[in-house]
Structures are given as structure tokens and as C-alpha cells.
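I have placed the structure first, in the form of C-alpha cells, so that the comments after it can refer back to it.
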Amino acid sequence: MYFIRRVNEREYTTYIIIIACTQACFEAFFFILLGAEIIRVHSYRWLCVQAPHTIHQYTPNGLPIVVPPRAQPPPSPSPLPLPLPLHPHPHHRHQHRRPPVYPVPAAAPSSCNINEPLACPSSRYRSYDGSCNNLREPSWGAANTRYSRLAPANYADNVHAPPVSQNGNPLPLAREVSFTLFPDVDIQDRIWTLVSMQWGQIMTHDMAMIAGSTQSKPHATECCSAEGQLIQSALSSPLCFPIIIPPNDPVYSYERQRCRNFVRSTTDLDRGCSSGLQPAEQLTTVSHFLDLSVVYGSDDETAARLRAGVGGRLVVDVRGNREWLPPADNRSAACDVSGQEVCYSAGDTRVNQNPQLTILHLVLHREHNRIAGQLARLNPHWSDETIFQEARRIAIAEHQQISYYEWLPIFIGEDNAVERRVIYKPVGGWVSDYDPNVNPSTINEHSTAAFRYFHSLIAGRLLLVNEQRFAFAYNALRLSDHFNRPGVIEENGNLDQLTRGMAFQPQEESDQYFDREITNYLFRNNRRLGDDLRAIDIQRNRDHGLASYNDLRALAGLPRAREWNDFADVISPENIQKLAQLYESPDDVDLTVGGSLERHVQGTLAGPTFLNILSEQFYRTRAGDRYWFETGDPELAFTIEQLQELRKASIARLLCDNGDNIQLMQMRAFEQVSQSNPLVSCNQIPAIDLSLWKDIRTPTVQLPTWVRPTLSKWISKK
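Under full-length UniProt numbering, the sequence shown has 292 at position 292, and the numbering climbs by one with no breaks.
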């Protein structure tokens, strides 16, 4: 007998008792009881289903095939409603005070379950792992918890097997979809700079890191050899989901490669916190908030390791009279280096992935220490702990200001951001619309599909630019030469030259074209060929069981496509024809594929389907963050004067303050230099006046006591 709990769009909880016969008869009696509990959800969803029998087979190419039992397709999701405001006046400051300790219930629906009550301490500062941000649901947004979803998962067996077509056949090979629909065509953006793309990578790394994936280094589990040959003995492993190379591959076939390694993400099922009767959910190892976990880490141990222990500073290495990121403890695990080549450590293990990402890590690391130094001079009576936490609090506020008020309007459009209440304009005082009912967890469709669309912005050559903004194309760095080899930033003044280059060089156009440096040479590590990031995106989409493009298109308010020409409202005829050649049905098109082919909504860098996902994510990220920098909560808020200063934060000021010797920068560094955005002296770019933090009420700072029962202890059988 199984008790199945279902939640439908009418917000009633339905309990279904299934009395199952043997597999041969498979007859059941259903007794439907309407429960009194009301749960708010945005779409129809089964919270518990029985896993049918699944048969595993393999094609002649070695591609695993899952033959599922026939099932009715899920109903079309309805468009997401705009979330209702918690307060009618967004700038109203809360006047109530909270008690010092908050008992919370034992159950936390976003993680499996919390078996023991957890007391969240009253703290002016957010935890490193993101827990206790929401006092009612302390695991919401915490590291090592599940992603959320907008639409029901699409697994072939309704539990974890990768999806197949509506007819039960394998989906087209991810690599074939990649080179057919996403070739290398060099079209540069006419407005935005490469640092726009790179800041987006900081944001996505701050909000998500798939458990079980190395992201940039070879995985310990080998499904394919380094030479691209299938390892037959590994194919029976549930972790293996190799990217199969088709015989007509324009690149890999010449090397006689048959596959590229791909290991499935870790889920709650793998961790033993799922009964296996409902769809598996992936886990993220970092906090879900925009909280600079890339700088400070997502656990107490990492945070403690990165602290200098004096003056509120982060630890640094000093070379050439310059401060650099500290060295990695395990160089071979973090980098592809040899000899004396540098390899860095930071709050996020992906710090060494590419030179420009490493530079932004260094810039943010130096920014914390710059702030800490000024606070120490202003308040010599403050302890190391107070200086550190206040500097961290200010740095996070700068990060959120730049991300939401400077970066997001470029990508999702200012009018759309205001309409969806992602941002408020104009902003005078506090923005106090924190809603404890909003789950800030990273949305799977966002992290695995919509945000990955911006991989198309990556440039394969990195310009070295001097102060006069002159660059020689012949000495541009080839991106694939420096994956996980960050030492180039310390050579010959390259730090400033690459930093200027990011703020001067155009990013690639937001379109369906991807640079060959990431589709043929990703993480090649001195080999002739590497991986294909676009094929990885498609394979990861399937690994995570994302609902189809048609499902998410309907969720965005577009009509559901019944035949191929129904896509013509947002996709070109040429691309529709290619989709029809690759896929059997419009319902089979992967979300990451279809969304990447849509024409952009005017004033944005995305089509309507991805725009809806991005807007929903960034609404939740802000409205579900009790510590958001604009909050008016008297226990947590900056003063109005401090808040107005923090709103001066900009990417231009950040780069000026933390390079080695950058003298000139355009005011809007996400935007290319032009007559309306000329180069100016860094002294002319508005800076935050930290004197407003002098002699403020000395905060009561708890020594790091965030070591509570680990989230793994919160997870139990559903």
C-alpha cells in the first residue's frame, strides 16, 4: 500500500491510497481524500509516485537507452502568476522587533526532512551556508539542498532515467544537436563588453554548483577514456551518461573519438534521502543566495581557512609587492599546472577555470580587504570579527547592487525587471518586501538551461589592452590555452591589461552561435581537442530531467506547439526545419535548445521563455532573502545614509579600486566605450564614502558558531 500525496493547481492536498496487486495484474483501487492543508504552488506536481520497471539497453554506439512503460504526458503547465507583494508599500520600513532565538518546526519541505528541532540564532550577519536565512524554513537557500523547479521533472521512468522521445525512442545525440544548431559564427555585440559576460559567471557560480560534478576538471568516474573511447565496463554504472560522438561529426570523427566523458549530477536519491518513489532532485553544494560565497565559501571551514585572523582581512599571498589570492592546497585537483605555476584558492573551487573569472575573484577578494582596511582605520576599537563581518556585509551589498541595478537591466530589460518586481525604480529608501513564503532556492530550469544560454557570449580570444585602449590582436590569449592555468594574470602586467580588455572588448552576440574554443577545445589541457560545452549543456538538461521546451514555453504564456510550424511565433523557419530533422516531435525539443533559438524580447538579451525563467529566479532570489541589502528590518538594515552610499557601487569603481594601476575607465563598464560613455579618470567615478561607518553602534558579534548539525543530518527518508 502506498500513500501518495498530490498537490494540484487549486492548492488542495490530495491523498491517494493505492492498494497494489502483483505486477501481472497491476490493478488498483483509489480512495481520494481531500485534506485540509493548503499549499501554494505554481504548477501541477506529483510529490510522490511509484517508480515503474525500467529496462536499460544500449545502441550499437554504446548510448544507454531507457525503455520506459507508456505513460500519459503531463498536463501543460499554466503560466506563472506574478508573485503578490507582501507589503503594499515596498519602501516601508518594518517597525517590529524579533525575539533573539527562533524555534523552527522539525520539517522543512525543501530539504528531505529535518528530524530534530533547530534553533536559529539571532544574528546581524548571514550564515556562510545560507541556513537560517528563512526562520520558518531554515534550509531554504542553504548549501547541499535541492534545486527547485518550475515544471514537473521529465524522467523516462518518472524517477531518474534520462528522458526519451514521446515515442520511446532515444533523443538526438547532444553533440549532433550542438554542431547542427549552434555552430561557430563570430558576431560581436555592438553595445556590451566582455566583463558583462564574466560578471554573469560570477553570479551563476555564487548561486549554484552541481553536486557530484567537477565542473572543470576530469571526473574520477571514467565513462570514456581520454582518447574518446567508450569504457564498456563503466556503462553499467548509474553515474555514466556519456556524450556519444556521431559518425558524421565534423571534428571528433577525424580523431576517431566515439564519446566524451559525462557523469550525472548527484541527487537526493543518490544521497539516500529519497524513497525512490518520486522524481530525483539535484543538489547544489553552495548557498543559493547572492551572498559572495565565491569569496567567502559556503561552509564554516572554508570561511575560516580564507581568513587572515587580523584586521578583518582575507588571507593573501604577496608577490612583486602585489596581493594575490592564496595558493590552493591541492594543486593537481584544482588546476592543470606543473612546476612553479600558480594555482589559487578562493571561496569557490572553480576560481581557476579561466583567466577573466580568476581576475574577478581577485578583484572581489581585494575589495573585501580594501573595505576592511578602511573600517579598521575608522574604528580602531573594533575586533577582527566585527571588522570582517561588517566588511563582508558591505561587499555583499555592493555585489547585489551591481548585479541587480547595473547588470540585470541589460540582460532581462529594465522595464521587465520593474514589472516583475525584480527591482524597484526609482529607489529612495529601503525596499522591505521580504516574503518568508518565497523560496529563494535556485531554479533548475534557470541554472541548467536559461542562464547557460549566455555561454554564447564567451569570446575565444582575450585581448591585452593598455591604458590608451590599444590592443594588438596578434598577442591575444587563446582561451583554451589557459583553462585551469591562471598564472598568466601575474605575467608582464597582464592583470591590468586583461582587466582593461574585459571592459573594452565586446562580448559575443547573445545568439545561437558558440565559439569553437568552448565547443571543440574546452578544458583540453595540452591535448589537441577538448570538450563541447554546448553538448554538455544539452546532456545536463537531460540528466536533470528538465521539462521540455514546449512545457516551459507554455509556462511563459506562449501557445503550446502541436506541430512544428507552431514554433514560428518566436523561432525562425530555418531553425524550425533543423529541429524537425533532429527531433521526432515538438514535445521532444530540449528546453536549453528551444529557448536558445527564440527571438529576443525587445530591450533584453533573451527570448520570452528564458526571460520568464530568469525573471522568476531573480525575483525569488531577492524577495526570499531576509538579509537583502535594501531591507528595512531594524535588526539588519543599513542606515538610509549608508544605503544611499552603497547604491553608488559600480563595476567601473570595483575595477578601478582593485587593479594594480588602472587609471582610466568608462563610467558604465558593462557598456562599450563611446561618445556617450567615454573613458574618464578613475577619480571621477563615484565611490562609496565609508566614513558613514565610523562610530556606528558596535554590533554584537557572535564568534563563528554556525557549525550546527550539518545539512546531511537534516536529510532523511521522504
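We put the beta carbon where it would ideally sit given N, CA and C, even for glycine.
All of these numbers come straight from a predicted model, not from anything done at the bench.
Residue i classed as buried or exposed, judged by whether at least 16 other C-beta atoms fall within 10 angstroms
i	result
Ser274	buried
Phe472	exposed
Tyr125	buried
Asp157	buried
His399	buried
Pro163	buried
Ile410	buried
Gly272	exposed
residue 748	Lying outside 1 to 718, the shown extent of the chain, residue 748 is not represented and no answer is given.
Arg420	buried
Gly428	exposed
Asp206	buried
Arg377	exposed
Asp689	exposed
Arg313	buried
Asp435	buried
Gln539	buried
Phe29	In this prediction, Phe29 has a pLDDT of 30, which is less than 50 and means its spatial position is unreliable; what the coordinates show is noted afterwards. By the neighbour-count rule (16 or more Cβ atoms within 10 Å), Phe29 is not buried but exposed.
His381	exposed
Gln229	exposed
Ser169	Reading off the sequence, residue 169 comes out as Asn, not Ser. By the neighbour-count rule (16 or more Cβ atoms within 10 Å), Asn169 is not buried but exposed.
Ala304	exposed
Ser447	buried
Ser265	buried
6 Å Cβ shell around residue i - same chain, five flanking residues per side excluded
i	result
Leu537	The displayed chain sequence assigns Asp, not Leu, to residue 537. Closer than 6 Å at the Cβ level, and outside the excluded window around Asp537, lie Arg452 and Thr592.
Thr204	Phe451
C-beta contact flag for residue i and residue j at 8 Å
i	j	result
Thr609	Tyr549	yes
Ile244	Cys259	yes
Arg527	Gly460	no
Arg478	Glu341	no
Glu255	Asp268	no
Leu611	Gln512	no
Asn248	Asp625	no
Leu546	Ala449	yes
Thr631	Ser441	no
Ser148	Ile443	yes
Phe670	Trp324	no
Start and end residues, beta strand (DSSP E) containing residue i
i	result
Pro121	Ala119 to Pro121
residue 722	Since the first residue of the chain shown is 1 and the last is 718, residue 722 is not available in this structure.
Glu301	Looking at the DSSP string, Glu301 is not in any beta strand (DSSP E); the run it does join, the alpha helix (DSSP H), is Asp300 to Leu306.
Glu323	Arg322 to Trp324
Residue span of the alpha helix (DSSP H) that contains residue i, given as start and end
i	result
Met203	Leu194 to Met207
Ser681	First-last for Ser681: Leu679 to Ser681, but that is the beta strand (DSSP E), not the alpha helix (DSSP H).
Asp543	Leu533 to Asp543
residue 722	As shown, the chain starts at 1 and ends at 718. That puts residue 722 outside it, with no answer to give.
Arg620	Pro608 to Ala623
Arg653	Ile651 to Asn658
Arg516	Arg516 to Thr519
Asp317	No alpha helix (DSSP H) contains Asp317, which is instead part of the beta strand (DSSP E) from Asp317 to Arg319.
Where residue i sits in the DSSP three-state scheme
i	result
Pro409	helix
Val363	helix
Pro506	strand
Cys240	strand
Ser691	helix
Tyr404	helix
Leu462	strand
Tyr344	strand
Glu222	coil
Pro73	Caution is warranted here: a pLDDT of 42 is assigned to Pro73, below 50, making its placement in the model unreliable, and the coordinate value is therefore given only provisionally. In the structure shown, Pro73 sits in coil (DSSP, three-state: anything other than H, G, I, E or B).
Ser674	strand
Thr284	strand
Ala554	helix
Arg377	helix
Val570	coil
Tyr102	With a pLDDT of 38 at Tyr102, under the threshold of 50, the predicted position of this residue should be treated as unreliable, and no value is reported.
Thr145	strand
Proximal residues to residue i (C-beta, below 8 Å), its chain only, five neighbours per side dropped
i	result
Thr499	Ile359, Val363, Leu655, Gly659 and Ile662
Glu414	Ile423, Lys425 and Gly603
Asn167	Glu584 and Ser585
Sequence-distant residues of its chain with Cβ nearer than 7 Å to residue i (five each side left out)
i	result
Arg524	Ser480 and Gly530
Gln581	none
Ala649	Glu398, Gln401, Ile402 and Ile688
Ser287	Asp129, Gly130, Gly141, Ala142, Ala143, Ser293 and Ser298
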